[in-house]
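Report on the following structure.
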Amino acid sequence: MKKIWCFFACSCYAAMSFADVRLPKIFGDDMVLQRDKPCAIWGMADKKEKISVTIEGVAYATVAGNDGKWKVILPAHAAGGPYQLSIKGKNTVLLNNVLFGDVWVCGGQSNMQFRVSELAYKETDSVHDNNSRIRIFTAGLGLDYVPQDTLTGGQWKVASVASIQSFSAVAWFFGRYVQEHTGVPVGLISDNLGATSVEEWMSPEALHAFPQFEVYYREYLAGGQSFSTMTKAFEKMKPEWEKNYYKKDDPGFEQQWYLPGTDTSGWKTMELPGYWEDKGLADYNGSVWFRRSFDVPVGYKKEGMWVGIGQVDDYDITYVNGHKVGESFGNQNYRNYFVPDSLLKPAGNTVVVRVFDAGGKGGIYTQFWSPQWGGKWQYKPGIKIDAAHFVKPHVVNAYLFGTPSILYNGCIAPITQLAIKGVIWYQGEGNAGRAEEYRQLFPAMITDWRKQFGQGNFPFLFVQLANYYPEATVPGGSTWAELREAQEMTLKLPNTGVATAIDIGDANDIHPKNKMDVGRRLGIAAMKVAYGQDSVHVSPMYDHMENRGDSIAVFFSGGAEELVTHNKYGYVSGFSIAGADSVFHWARAYIKGNGVVVYSPDVRHPVAVRYAWADNPGQLDLYNRSGLPALPFRTDDWPGVTAGKQFDVSF
Numbered sequence: 201m202k203k204i205w206c207f208f209a210c211s212c213y214a215a216m217s218f219a220d221v222r223l224p225k226i227f228g229d230d231m232v233l234q235r236d237k238p239c240a241i242w243g244m245a246d247k248k249e250k251i252s253v254t255i256e257g258v259a260y261a262t263v264a265g266n267d268g269k270w271k272v273i274l275p276a277h278a279a280g281g282p283y284q285l286s287i288k289g290k291n292t293v294l295l296n297n298v299l300f301g302d303v304w305v306c307g308g309q310s311n312m313q314f315r316v317s318e319l320a321y322k323e324t325d326s327v328h329d330n331n332s333r334i335r336i337f338t339a340g341l342g343l344d345y346v347p348q349d350t351l352t353g354g355q356w357k358v359a360s361v362a363s364i365q366s367f368s369a370v371a372w373f374f375g376r377y378v379q380e381h382t383g384v385p386v387g388l389i390s391d392n393l394g395a396t397s398v399e400e401w402m403s404p405e406a407l408h409a410f411p412q413f414e415v416y417y418r419e420y421l422a423g424g425q426s427f428s429t430m431t432k433a434f435e436k437m438k439p440e441w442e443k444n445y446y447k448k449d450d451p452g453f454e455q456q457w458y459l460p461g462t463d464t465s466g467w468k469t470m471e472l473p474g475y476w477e478d479k480g481l482a483d484y485n486g487s488v489w490f491r492r493s494f495d496v497p498v499g500y501k502k503e504g505m506w507v508g509i510g511q512v513d514d515y516d517i518t519y520v521n522g523h524k525v526g527e528s529f530g531n532q533n534y535r536n537y538f539v540p541d542s543l544l545k546p547a548g549n550t551v552v553v554r555v556f557d558a559g560g561k562g563g564i565y566t567q568f569w570s571p572q573w574g575g576k577w578q579y580k581p582g583i584k585i586d587a588a589h590f591v592k593p594h595v596v597n598a599y600l601f602g603t604p605s606i607l608y609n610g611c612i613a614p615i616t617q618l619a620i621k622g623v624i625w626y627q628g629e630g631n632a633g634r635a636e637e638y639r640q641l642f643p644a645m646i647t648d649w650r651k652q653f654g655q656g657n658f659p660f661l662f663v664q665l666a667n668y669y670p671e672a673t674v675p676g677g678s679t680w681a682e683l684r685e686a687q688e689m690t691l692k693l694p695n696t697g698v699a700t701a702i703d704i705g706d707a708n709d710i711h712p713k714n715k716m717d718v719g720r721r722l723g724i725a726a727m728k729v730a731y732g733q734d735s736v737h738v739s740p741m742y743d744h745m746e747n748r749g750d751s752i753a754v755f756f757s758g759g760a761e762e763l764v765t766h767n768k769y770g771y772v773s774g775f776s777i778a779g780a781d782s783v784f785h786w787a788r789a790y791i792k793g794n795g796v797v798v799y800s801p802d803v804r805h806p807v808a809v810r811y812a813w814a815d816n817p818g819q820l821d822l823y824n825r826s827g828l829p830a831l832p833f834r835t836d837d838w839p840g841v842t843a844g845k846q847f848d849v850s851f
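Each residue of the sequence shown is one higher than the one before, counting from 201 in the working numbering.
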């Protein structure tokens, strides 16, 4: 991760040095600009430099501000192309083969990031995949504490069998469906990252509204310091801080414990990863030196190797065979250090990690970047400190898969001036353990994105989580069911739509391979929400219930034009029912009109019904005539298993 921090710091710094006209990474040949809306073209130049943007022989002029930033607004343009845009200042930049059409941002975590090349299904009809009316763009990964002006990378490509292989599969099938059903060009921006939580994609402004983020907000976001700014300030004070606090009086430095030949006869052993307070070293703040030997991996090709020691609380210096290979500061940062071949030998290498805890728990506390580093390590305490009097510097301290706002700032903020049609979103797995909290966070994110893009209530379509984990044997609580419920509640926002994947998941794979149906269902939702085709039917949604003594009838709205079951006897699976004792039992059910009658001989006086309420409810058979499954639901509002669970982070 140290390399990543350096890259971002240098990128941010380089962006401030300019003379020629420069465009953000989102602009390029083969791109799509949003049709029927004013479109911003923006960038950097020298201050007060005259800039003109020309399209179809018409020039639109502006002047760069004192900060070098400039922006031109092109008037709304009908779908079509290709066109050439000329951006001229002291130099000229040409954008070729540009289309006007519908631009969709495709966000979320790994199931949105999942690539076409990873599909079990392979398209045999290349006509569908070689489509010059679809353009794709995969955004480079960026993270920071403050909103950035440009992405770290990315390139627009014309859709082809070859170019789509590394692109988001869900986004591709969605875009293909939309393009084929509307006939207009489609631009797809894949802007996502696996294993991430919704708060990482929320702006600092949006997070500030929630008290559970307040401590983190004050510490890292309120001051408006970027990674680069914070790192420069730390590097400036680091020599004196190391001398007076961090390295002071540590016998490990004086006796060179990092050398391979160190006498370790008095060292103890500890199983890692884990906090040392939980492993016999209680009430200890300061330095502890860890060491172990390792051999280079089988098949090593002499190209260097990585030592991934995971997360350290709070600081570390890492050595291999007596040579320092890296150091990091901050208990959230992941450590992964490159060791050149010149420092390695085939067997008997020594890795030494000096871990320094500045207060609270300490140690190498999470799963290692590579499992080979887990297990028994020798250790010896170095210098013990009084944490109350230790000066703890302000450093970049960010976990790629959990730190709030950093992905919004690096991946979404740079494109918020871009005119778009809407957003598709596939995320939620990372928040399942805090599903009740997601009821507020997810709609807050949508509302804030709409505000940040400044384009009204643009369509926002999302995927409801697929079935996963072993099939439930008895009805009960479920974090994934509660997350799906939180997603369904978000439909209260205007211009939102859902594509459920409750029936096309994989019990053994959190990344089910059927992305075609996911994309198609998102496309169906788009036809209704974004393109106003009222005749399109979406998934049946629970509307209300009627208690009928020994049974309950539940009724649906939305896509319940005609409910059907695939069961040859007409029964519907997936239902459970409970009485006033709140204990659920599997139920029998059958379709009647646009409703389902639910009952159980075990519950004489039912008061509540649940449908598909499990991580994995098993095979389901309640659909509408359009072939879309009913959304999971419950009629009760009893506290769930995630009630009261909220974001929490320690520094």
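Every residue, glycine too, gets a C-beta built ideally from N, C-alpha and C.
Task: Cβ pair Leu319, Met716 closer than 9 Å - done: Taking 9 Å as the Cβ cut-off, Leu319 and Met716 qualify as a contacting pair.
Task: Span of the alpha helix (DSSP H), counted from its first residue to its last, around Gly375 - done: Per DSSP, Gly375 belongs to the alpha helix (DSSP H) from 369-382.
Task: Nearest to Lys584 (by Cα), restricted to the options Leu274, Asp557, Phe374 - done: Among Leu274, Asp557, Phe374, the Cα nearest to that of Lys584 is on Asp557.
Task: Cutoff 7 Å; reference Trp467; Cβ partners in own chain excluding five residues on either side - done: Counting only Cβ-Cβ distances below 7 Å, and skipping sequence neighbours, we find Gln578, Tyr579, Lys580.
Task: Met741, DSSP secondary structure in three states - done: Under the three-state reduction of DSSP, Met741 is assigned to strand.
Task: For Pro581, the three-state DSSP class (helix, strand or coil) - done: The three-state reading of DSSP puts Pro581 in strand, counting E and B together.
Task: Where the alpha helix (DSSP H) through Ser310 begins and ends - done: First-last of the alpha helix (DSSP H) with Ser310: 310-313.
Task: Lys203, buried or exposed, once every other Cβ within 10 Å from all chains shown has been counted against 16 - done: Low confidence applies to Lys203: its pLDDT is 35, below 50, so where it sits in the model is not reliable, and the reading given next is rough at best. Result: exposed.
Task: Selected residue, minimal CA-CA separation from Pro626, among Leu683, Pro473, Arg825, Asn597 - done: The sequence given here has Tyr at residue 626, not Pro. Selected option, being the one with the closest Cα: Leu683.
Task: Residue environment, Ser850, which counts as buried when at least 16 other CB atoms sit within 10 Å - done: It counts as exposed.
- [ ] Given a cut-off of 9 Å, decide if Ser776 and His766 are closer than it, judged by their beta-carbon atoms.
- [x] It is not a contact, given that the beta carbons lie outside the stated cut-off.
TODO: For the beta strand (DSSP E) containing Arg492, list its first residue and its last residue.
DONE: 486-494 is the extent of the beta strand (DSSP E) around Arg492.
TODO: Could you tell me which residues DSSP puts in a beta bridge with Ala240?
DONE: Beta-bridge pairing by DSSP links Ala240 to Ile273.
Open item on the list: Run through the DSSP bridge pairs and tell me what Asn331 is partnered with.
Closed with: Note: Asn331 sits in a beta bridge opposite Ala359.
Open item on the list: Comparing C-alpha positions only, which one of Ile226, Ser570, Gly622 sits nearest to Leu340?
Closed with: Residue 340 is actually Gly in this sequence, not Leu. Nearest in C-alpha terms to Gly340, of all of Ile226, Ser570, Gly622, is Ile226.
Open item on the list: Considering just the uninterrupted stretch of the beta strand (DSSP E) at Phe755, what are its terminal residues?
Closed with: Looking at the DSSP string, the run of the beta strand (DSSP E) that includes Phe755 is 751-758.
Task: Cβ shell of Phe367 (< 7 Å), same chain only, five flanking positions each side left out - done: Once the five neighbours on either side are set aside, the close Cβ partners of Phe367 are Arg315, Val316, Ile336, Thr338, Ser390.
TODO: Please check the pair Tyr345 and Asn609, which I expect to be a contact at CB under 8 Å, by giving their CB distance rounded to whole angstroms.
DONE: Indeed, because the Cβ distance is near 7 Å, the residues count as touching under 8 Å.
Task: Three-state secondary structure (DSSP) of Asp478 - done: Residue state, collapsed to three classes: helix.
Task: 9 Å Cβ cutoff met for Gln652 and Ile620 - done: Their beta carbons are not under 9 Å apart, which means Gln652 does not touch Ile620 by this criterion.
- [ ] Output yes or no for whether 9 Å exceeds the beta carbon distance between Arg376 and Gly622.
- [x] No, they are not a contact pair.
Task: heavy atom of the ligand MG below 8 Å from Leu618 C-beta - done: Ligands in the displayed structure: none, and consequently the ligand MG is not present.
Task: Identified DSSP bridge partners for Gly301 - done: The partner list for Gly301 (beta bridge, DSSP) reads Gln234.
Open item on the list: Does Glu249 come out as helix, strand or coil in the three-state DSSP assignment?
Closed with: It is coil, neither helix nor strand.
- [ ] Tell me, to the nearest whole angstrom, how far the beta carbon of Lys247 is from that of Ala264; I am working on the premise that it is less than 8 Å.
- [x] The pair is a contact, with the Cβ atoms about 6 Å apart (cut-off 8 Å).
- [ ] Pick helix, strand or coil for Cys212, following the three-state DSSP scheme.
- [x] Any answer about Cys212 is weak, because its pLDDT of 41 lies below 50 and its placement is not dependable; what the coordinates show is given next. It is helical.
- [ ] Would you identify the three-state DSSP class for Arg554, choosing helix, strand or coil?
- [x] Note: Arg554 maps to strand in three-state DSSP.
Open item on the list: Taking the straight line between their C-alpha atoms, what separation do you get for Pro282 and Val258?
Closed with: Each residue's CA atom was taken as its position, placing Pro282 and Val258 some 16 Å apart.
Task: Contacts around Arg788, its chain only, beta-carbon distance under 7 Å, and the 5 residues preceding and following it disregarded - done: Answer for Arg788: Tyr771, Tyr799, Ser800, listed in chain order.
Task: Contact set for Thr464: own chain, Cβ-Cβ below 8 Å, skip 5 residues either direction - done: The beta carbon of Thr464 lies closer than 8 Å to those of Arg491, Gln578, Lys580 in the same chain, with the five residues before and after it left out.
Open item on the list: Report the CB separation of Gln664 from Thr700 in whole angstroms; it is logged as a contact under 8 Å.
Closed with: Contact between Gln664 and Thr700 is confirmed by a C-beta separation of about 4 Å, below the 8 Å threshold.
Task: CA-to-CA distance, Gly280 to Ile287, given in whole angstroms - done: Taking the straight line from one Cα to the other gives about 20 Å.
Open item on the list: Checking the sheet assignment: what are the DSSP bridge partners for Phe775?
Closed with: DSSP output for Phe775 lists Tyr811 as bridge partner(s).
Task: Pairwise C-alpha distance: Gln455 and Tyr534 - done: Cα-Cα distance, rounded: 28 Å.
- [ ] Work out the CA separation of Asn311 and Met430 for me, nearest whole Å.
- [x] Those two C-alpha atoms are separated by around 33 Å.
Task: Separation of His523 from Leu343, as counted between CA atoms - done: Each residue's alpha carbon lies about 30 Å from the other.
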